[in-house]
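Under UniProt numbering, the first residue of the sequence shown is numbered 1, with each subsequent residue one higher. Backbone N, C-alpha and C fix where the C-beta goes; we use that ideal spot for every residue, glycine too.
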Amino acid sequence: MYPSTPSSNTWLCCTTSITPTKSNDPVVGCGGIAVDFLAVVNAYPNPHDKITTTNFKVVQGGGNVGNSLTCVARLGLNPRVISKVANDSQGMAILDELQADGVDTSFLVVSEEGTSPFTYIIVDNQTKTRTGIHTPGYPPMIPDDLSESSLLSALHGARIVYFDGRLYETALVVAQEAVRKNIPILIDAEGPREGLDDLLKLADYVVCSAKFPQASAVFFKVLRKKKVYNITVLTSTLLSCAKILN
Numbered sequence: 001m002y003p004s005t006p007s008s009n010t011w012l013c014c015t016t017s018i019t020p021t022k023s024n025d026p027v028v029g030c031g032g033i034a035v036d037f038l039a040v041v042n043a044y045p046n047p048h049d050k051i052t053t054t055n056f057k058v059v060q061g062g063g064n065v066g067n068s069l070t071c072v073a074r075l076g077l078n079p080r081v082i083s084k085v086a087n088d089s090q091g092m093a094i095l096d097e098l099q100a101d102g103v104d105t106s107f108l109v110v111s112e113e114g115t116s117p118f119t120y121i122i123v124d125n126q127t128k129t130r131t132g133i134h135t136p137g138y139p140p141m142i143p144d145d146l147s148e149s150s151l152l153s154a155l156h157g158a159r160i161v162y163f164d165g166r167l168y169e170t171a172l173v174v175a176q177e178a179v180r181k182n183i184p185i186l187i188d189a190e191g192p193r194e195g196l197d198d199l200l201k202l203a204d205y206v207v208c209s210a211k212f213p214q215a216s217a218v219f220f221k222v223l224r225k226k227k228v229y230n231i232t233v234l235t236s237t238l239l240s241c242a243k244i245l246n
């Protein structure tokens, strides 16, 4: 069930104890969704070790965008996802879970061939850490997968658009249209990704992990590349923020 283990930037975790807030304003997410295979072990193995799991969950929804939009749905908001899966068992499991939680999958592309994204996650009980080994989906999402009419429909009335840096070619097209429509852009800068710099130029908000990079690094990266400095930089794990004003 979404959300799975938290990403390194410790995204909001939704539980039944949270009182939902009803809103019809769409929240659009563009990026990674996946199936997670979680293995819990007493300690992370050394090279050539063979160990046994203490707990194993075969299938659980994952991916930063999948997790985040599921939280948005459970808070009573109106999430829409732009991403891609294949028409395989994993892809259908992702689709079913998102729909069950109330995420609008109208703009989710389903490839008739290929494989859906998946991640092996090793949870270390000794150090309380997790290690992820991600396999991207194939074929990858490209801008031509999202027609202009679908893009405009996905962004219609959107309150904010969230990107995790994956599917960067498509993400850049979506972000550029969001800028034209004056829709705020939130970038999840979890780690170095191809095309992340281009997305950062368009960001209104940047969420970074505790380790990549430090908030000041994102601050100065954007500072160098934006002529109008109006961006909020957040380090969610450290719960610190800095604002650049005109």
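| Item | Value |
| --- | --- |
| Helix, strand or coil at arginine 159 according to DSSP, with G and I counted as helix | coil |
| When Ser147, Val72, Ser153, Gly62 are compared against proline 117, the one with the closest alpha-carbon | Gly62 |
| Proximity of lysine 181 and leucine 155 at Cβ, strictly below 9 Å | yes |
| Terminal residues of the alpha helix (DSSP H) in which tyrosine 168 lies | 168-180 |
| Given 8 Å, three or more beta-carbon pairs between the segment 75-93 and the segment 26-43 | yes |
| Buried or exposed by the 16-neighbour rule on C-beta atoms within 10 Å, applied to glycine 157 | exposed |
| Own chain partners of valine 103 with C-beta closer than 7 Å, once the 5 adjacent residues on each side are dropped | Leu69, Thr70, Ala73, Pro79, Val81 |
| Residues of its chain near tyrosine 168, where Cβ-Cβ distance is below 8 Å and the 5 sequence neighbours each way are ignored | Arg193, Glu194, Gly195, Leu196, Asp198, Leu199 |
| Span of the alpha helix (DSSP H) around aspartate 198 | 196-200 |
| C-alpha distance - leucine 98 paired with glycine 66, whole-angstrom precision | 7 Å |
| DSSP-derived helix/strand/coil call for threonine 119 | strand |
| Option nearest threonine 124 by Cα separation, candidates Thr53, Val28, Ser209 | The sequence as given places aspartate at residue 124; threonine does not occur at that position. Cα-wise, what sits closest to aspartate 124 is Thr53. |
| Burial state of residue 253, where buried means 16 or more other Cβ atoms lie within 10 Å | The chain is shown from 1 up to 246; residue 253 falls before or after that span and cannot be answered. |
| Cα-Cα separation, serine 106 to threonine 131 | 32 Å |
| Continuous alpha helix (DSSP H) stretch holding serine 68: start and end | 64-74 |
| Beta-bridge partners of glycine 61, as assigned by DSSP | Val35 |
| Between the CA atoms of tyrosine 162 and valine 28 - distance to the nearest angstrom | 6 Å |
| For isoleucine 150, the nearest candidate out of His134, Arg159, Glu177 (CA to CA) | Per the sequence shown, the amino acid found at residue 150 is serine instead of isoleucine. Of the candidates His134, Arg159, Glu177, the one whose C-alpha sits nearest the C-alpha of serine 150 is Glu177. |
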